Structures are given as C-alpha cells and as structure tokens.
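Chains as they are written, first to last, in this note's numbering: chain A, 62 to 825; chain B, 232 to 385.
Yeah, the Cβ is synthetic: ideal placement off N, Cα and C, and Gly gets one too.
This one's a predicted model, so the numbers in the text were calculated from it and none came from an experiment.
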Ligand code: FES
Ligand code: FES
C-alpha cells in the first residue's frame, strides 16, 4: 500500500548482455542461452532489505532475465506475485510483444524474493504502472540484438532484417532464422544504447491491447496441477496448525496438551512467543500442533486445553465503540484539506444537509487462507509461501530467527501461486510462524491457516464512521462540502500510538468536486486488533459515504443524479489539491504525470450512462444508481440496476466504465472489473466483522458470507480507449460499487441505507 | 489401511477412515487439485465426484467413499480436455484459480445430469461454490459453452 519508491518510469535503465555470467547456472537457464539482465529498480529498493549479495560478485545486478535458449524457447522472469490479477500473463506479455516472440513459445518463471528485483510488493494496483516502460525497453533491446545477430549471419545491414513471430526474416527473400538459431551470435553482442531503441507503437503490437490472450496458467489450473501455498509438499514435511490467542496481545497462561499428544499423527506441540506491540508482521503467539498430516494437526488442536490471559484489549466491543467514533467526530483532530471557509458557507447557506455513514470491519477472506512452508538446513532457510511480498517475508524471517542482516541472502523465499491476496498476503506473519516452528522443531514445517483462523486472526479493514455535510444556496447549488472520517488507523499496527488515519488520500481528501468551500478532516480513536489494508483500502468507506451523499444531494436538489455528478465535478481541469493546503500523495506518483483529471472522470460517467441506458424507462420496481470514483490513478463509474420484489433487493445489471490509460490486456482488465464488483457486492450485501470482548465473532462463511453466483448478474465493462500512461486495475473497481447499489435501492424504494452491510435490514 | 478407488486406480492408504476425504486425497494420495476453503461444506472448493455425484470432500469421511468410485479434478479427463475444461479456457474463467477445481467438478456433474441447463439451473447448481475473485459471470457463460461442446462430441 505504501509507496516507498520514487517514480521509476523516468529513471535510467540498465540492460546488459549477461549470457556469459557465472550466476546463470543457478537461475535454471540452459547453457548456451542468450540472456539479458534488466535492472528494474534503483539499487536500494527498500530500507528493510539492504543487502547486496549479487552485486558483490558482479558489478551489475540483473533483475529480470529475458533469455532465449538454443531451441528458441524464450524465458521471462515475473517478479510480481500472481493472485488472480493476471500479472504472470500481462507483464511478460509486454516483453514478448516488444521482441516479437511467439507467446506460445514463452515460459514464465516466478522470481524468488530478492532485493535485486526492486520492489516486488504486489500491492496498490501498480505492477503495470511501475514496470511498463522498462519491460518494453527490455523487449526492444532483445529484438535489436536479434536483428543484429541475423544481419551478421546473413552478412547484411540490420535494416535488411525484420523480426516477426519468433523469426528473423531477410527482406526481399524467403530466408528466415528462428530465434533459437540466433542465440549463439546474440550472446556475443553489445547491448545497444537506449536512444537507438524504437519502441513499438500501438498499431505494431501483436498481443498488447488485444483480446483473447489466453491465461498463462489457465490449462494447469483447470487440471488442478498448479501449486498454491497450501499445496507445497516434499518428503519429510510436517504440518502445523496453531491455536492463537483469541484477543490480540493476549497470551497463553497455561496449557495441557496430553489429549493432543494421543491423537495419532501428532508429533509435538510448540508454544510460540507472545506478541508485544507493535503487532506489525510478527507472530500472534499461541500453541502450535505439529503433525504428520493436516487432519492430525487439526484434531490435535481441537484437543488442546488452553487457559488464556486476554490482556489489554479484552474489553473492546465493536458495537459500543460506534459511540466513541461519533464522539470523536464532534472534535476532529486533523484538518486535511481546506478550501474557502466551510463554516461561513454554512452561515450563509439557504439549506444545510447532513448524513452519517457507517461501514463495518471487513476481512480479506482469500479463498486460500494463508499458508507457508519453511525448511532450515545448514544456515540456509528455504521458504515457500503464497505471499504478495517475498521481500518483506524474507526480512520478517530474518527478524524472527534473529538472522544476521548480512546473511539475508541465505533466506530464499519462493513464491507460489496465491489463492487470492487482497492485501492479506502482503502481511507475512504466517511466514514468520513457519520459520519459527521449523527452527524450534528442527523439522520442515508447513503452517496452514484454517478458515476460522483466517477470519478470526486477520488484519482487518477498520470499521469507520463518517459525517458528511453540504450547504446549498438559493439556486440549489452546492456551496460547501464537509467530510469527516474516523477509523482505527492502519498505522496502529506498526505504531500503537497512532490514533489518526495516516492519510485521507484514498477517496476522502482527493474528492474531485469543484465546490467553493471544502473541509476534510479526521477524528482520533484507539485500536484493539490488527488493522490492515483490504482491496482498495479506505476508498471502500470513503467512496461509499461520498458517493451516497452526492446522490442524496442530487435528490435534495431535485436533479438527475448523473447530471448532478457532472455538475459537481464542473469544468475540465487537473485538480490542484495544493491550492487547498492539502499535500496529496497521489498513490506515490507525480501529480503532473498522473493528474486528477475531471475530464476523465466525467468521461467515464458519460460512457457508463450511455452504455447502461441511464434514464431509460424501466419496468415497475426497477431502478438504477450511479457512482464514480478515481483511485489508484484510474477512473471508474458504475451503474447498478436493482429490482425489488416483496421487499427483497436483487441486483439485475452491473455496468462499469473504466479508464486505466493504455490497456495492455483488456481481458484481464475486464476480469478485474468483474471481480471488483463481486468483491464489493460481498461487502455491501454481507460483510461484517465485529468484536466482542476483544474477540472476533465471525468464524466461517456461515457468519461471514460472500456473494454467491445467485447474487450476481452479467457484468458489463466498458473500457475507455486511451493513450495515457497505464495505471492500475486491481482495486479501482471496488469503491464505486456499494454507493451505486445503495443509490439504486433508494431510487427503487425511496429508502436510504447509510450503513453496510445490507443484510442487517432484511432486504437481501 | 483403507482401499480407495481414485481416478480409476485403487490405492491402499494407511489412514483413519473417519478422516475427511479431502485430507486423504491431499495428504495421502498426494492429489492436491482438490482445495480446502472452509472445511465445513460452505464453499465447494473441495468438490469431487463419488459415483458421479458432486460431494464436499471436506465433510465426507473416507468411510463413506469405500467401495465407491472417486473422481478428482486430476482424473476428470485424460488430457484436460473435458468440455468444461475446454470451455473454461475458452472463456479465460480463472482468476487466482484456487476455487476452480471445485467449480469445474460441480459444473461437470451438473452437465452430466442436465445436458442443457438454463441460467437458473446453473445458478442453483453452482450456488454452493464460492469464488472470492468473482468469476461467476464467466462460469455461467462457460457452462453454456461446455453444454454445446458436449453436444457436438456426441
Ligand atoms: S472446503 Fe469443503 S466446502 Fe469448503
Ligand atoms: S478464481 Fe480465485 S477464488 Fe475463484
């Protein structure tokens, strides 16, 4: 979520011909291959991972290998984690397209966690944005060198050679050489200077931007042949499940494992160290049961008798805390953005309108719960994990095992496929558990989290309370906007003293309405369990409140909600937040490079209105709602159509228009938009995490339900054609869905729902 | 020691017959295509066929499968070319892929019983299979497509 790096697009790129380097033998690359190393990153990627293993032996740290083996097979390393967003299909596709490789002859290898790859943190919808140009350049360099190699072979000028579909063609003849035949010569060539490179334009692309790119892992997935974190297995591997303290920062007072030890297959129990603040990515503590197989471990855990000391958080009640939230917003602590003077707008208003919104705590509920395997042998730690961030997993293992920093290279983190991530798997507490248990037990250990573990011991999206207020003048024009928000801050997970949301940049401060008086502020509160980022983070609650409130104002003003949105956004401009004394993070990117463009926001609104048939006459009991939101530098507008039947709401249609700049893989943009709408439908209809006496109440899908097929209609995604820089698609589809849904329900029933989830009202 | 007939092969496995079939398949028969999602029959990730019927292997003890024919995703077709698998690829259904074995096993059982299901039939048959990534609309399309493919084969 946090961006620790400066914009990389404009940074110099180093690419070397490393075909002759010694280290390739460990990289699984056949000898005699042509290999390009690409430096993707500034040399020091993040503070927690300052090591230089590769550089000590070599002056150049090759981050991404593009290699061609003598049989012509192209291998591309993917340094980001695949969790369903299609990154393994999309990033290597950029390289393959640029070098005119045949996609069916490309193999993608998953990178281990290593600082040399730059940031591998697959989070924040930025894998494409951060790597786009560099990967294109890598492909172009490979192509240029293959061209030169062919020119040498044919003793012609490079201009007489053309590269197409894995072959060099000699212009004006029917001679052709396959990539495999060029490997030997290419391996001896100098890397061309970047100013000699010609990057493809859109018309020249073969795969990028095209439909029907088949999923890289599609066939294996449909045959059940892929390896997820849960699936890691090898001779001698033991399985562990852990009974964790029901309350965060609680600990084991005493325990009796005698019944556990009687379960056939149980090997031993290990007590984990109690957690002390800050929670960060540390283990939660508790008692681990190590067994020969999963069933024994689970049964053994059921038989544990543990007396807990619940600790400081045991009096926390979610329900009662709502009152604390409300009080906090009577006196917001931090003004984030201020334009004009909201309070004088209030005084001169002909009308003031207010509404409060509540979004509860949410869990990631990745279909695959967290899982990690560790094996320790001769000072080397091998880890296999479904992790979004192998580098912080590596650093976390180092800290857990008190491993010397200079030996961090001895910790190898292998990234499996992830059965969903959504931010949960960027928090490697479970990896620490595996490493700790492997070290303590002197056995290779796979730690599995059951669904109960996942729901009860997560890093939750915080419940939030929001107050919105707006002022109207006599002409029903909005003259003032005030948005206050309070939640348990994510920062508290890393710094227990943190009481204020670290940022209002996710959909609260950066709202794009052109209103003369704006006040955005935050309230303070304490935190009682681990808070983390969940797909689209606080955009979830901020967009719900702001998107619902805008609709309420439209009805108040007696205007069409879509027209009213366009009116609120106002003229075409790049919103200048700095004028409002607001330091806006812009998702870590330069605002000049990725401006907050009102024209693009209005464009997605118009597009979705047109495609959904906004304004058309609908059958009795049906209605549409609309919301639009910019997040992760992308623009999304969503229209939801609902029907009401005997007081029950059914979602009948979902339309979204999305502007992500240049589109690399339209099918995966669409699938992310579909997935985001369904993720958001789950939270709008059903999602609610609550604590009683500090303990999370929900435990499985019966009390933390997710949207099912019966809840979801066809989903239409309308992609804006654009040549702007590519942005992100993993998260931006989530925020506008819930407000669009509730706006539709209001249009259909006249009832306004300001709290989620809707299941509490008995209408779904 | 129990004997299980899995994907056409009889295997002798040394395990407690009360063990849920899912763990027997994954940890003992080393077939990890069937997934754990909830352990309570709530998500469908662990769906396999017993005598052609879709069951939740996480809540089915091994004892209930003795003497019966078990089919897992690994044994659904010889070359991954069951009409459902083909249709899944055609529509690029998977996102993370974790729920997809279960989805495919439920869908193939549906088509075996109902060769031309309506949208409603599909929704009812598939409602027990959760997909957190949100592939439902594509699953619906792919099942219709698979129904067509299966007809062409016949
Ligand atoms: S794992 Fe069996 S239904 Fe969820
Ligand atoms: S594809 Fe990820 S859970 Fe279904």
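The stretch 626-638 of chain A and the stretch 447-461 of chain A do not touch, with fewer than three beta-carbon pairs separated by less than 8 Å. Here residue 708 of chain A has 824 as same chain residues with Cβ atoms under 7 Å from its own Cβ, once five neighbours each way along the sequence are excluded. Per DSSP, residue 320 of chain B lies in no beta strand (DSSP E); the unbroken alpha helix (DSSP H) holding it starts and ends at 314-321.
Against residue 282 of chain B, chain A offers no close residue; the least beta-carbon distance is about 20 Å (beta-carbon pairs closer than 9 Å). The stretch 738-752 of chain A makes contact with the stretch 584-604 of chain A, as at least three CB pairs between them are under 8 Å.
By the Cβ neighbour-count rule, residue 459 of chain A is buried, with 16 or more other Cβ atoms within 10 Å of its own.
Residues of chain A with a Cβ closer than 8 Å to the Cβ of residue 361 of chain B are, in chain order, 428, 762, 767 and 769. Residue 283 of chain B and residue 300 of chain B have their C-alpha atoms roughly 8 Å apart. Only those residues of the stretch 267-291 of chain A whose C-beta falls short of 9 Å from the nearest C-beta of chain B are listed: 273, 274, 275, 276, 278, 279, 280, 281, 282, 283, 284, 285, 286, 287, 288, 289 and 291. The beta-carbon of residue 243 of chain B is placed no less than 7 Å from the nearest beta-carbon of chain A. For residue 602 of chain A, the secondary structure class from DSSP, reduced to helix, strand or coil, is helix. If you look at residue 810 of chain A, you'll find it isn't in any beta strand (DSSP E); it sits in the alpha helix (DSSP H) that goes 798-810. Residue 533 of chain A: member of the beta strand (DSSP E) spanning 525-533, first to last residue. Taken from the Cβ of residue 277 of chain B, every heavy atom of ligand 2 lies 6 Å or farther away. Distances taken from the Cβ of residue 619 of chain A to the heavy atoms of ligand 1 include none shorter than 6 Å.
At the C-beta level, residue 304 of chain A and residue 362 of chain A come within 7 Å of one another.
Remark: the C-beta of residue 586 of chain A is outside contact range of ligand 2, defined as less than 6 Å to any heavy atom. Listed in chain order, the non-local C-beta contacts of residue 183 of chain A below 6 Å within the same chain comprise 141, 142 and 449, local neighbours out to five positions each way being set aside. Here the alpha carbon of residue 266 of chain B sits roughly 20 Å from the alpha carbon of residue 242 of chain B. By the Cβ neighbour-count rule, residue 245 of chain B is exposed, with fewer than 16 other Cβ atoms within 10 Å of its own. Look at residue 306 of chain B here: in three-state DSSP terms it is helix.
If you draw a straight line from the Cα of residue 425 of chain A to the Cα of residue 504 of chain A, it comes to about 30 Å. Collapsing the DSSP output to three states places residue 254 of chain B in a helix.
Beyond the five residues adjoining it in sequence on each side, residue 647 of chain A comes within less than 7 Å, by CB distance, of 655 in the same chain, given in chain order. Judged by DSSP in its simplified three-state form, residue 696 of chain A adopts strand. In the DSSP assignment, residue 451 of chain A falls within the alpha helix (DSSP H) that extends over 451-461. Residue side-chain check: residue 274 of chain B places its Cβ nearer than 6 Å to a non-hydrogen atom of ligand 1. Excluding its 5 nearest sequence neighbours in each direction, residue 297 of chain A has C-beta neighbours in its own chain below 8 Å: 504 and 505, listed in chain order. Contiguous beta strand (DSSP E) elements confined to the stretch 555-617 of chain A occur at 578-583, taking only those with 3 or more residues. Contact between residue 722 of chain A and residue 785 of chain A is confirmed by a C-beta separation of about 4 Å, below the 8 Å threshold. Of all residues in the stretch 566-583 of chain A, none is placed with a Cβ closer than 8 Å to any Cβ belonging to chain B. Per DSSP, residue 537 of chain A lies in no beta strand (DSSP E) segment and is marked neither H nor E. By the Cβ-count criterion, residue 279 of chain B is buried, with 16 or more other Cβ atoms from all chains shown falling within 10 Å of its own Cβ. Fewer than three pairs of CB atoms, one per stretch, sit closer than 8 Å, so the stretch 167-182 of chain A makes no contact with the stretch 205-214 of chain A. Per DSSP, the unbroken beta strand (DSSP E) holding residue 285 of chain B starts and ends at 284-287. If you look at residue 403 of chain A, you'll find it in the alpha helix (DSSP H) that goes 403-409.
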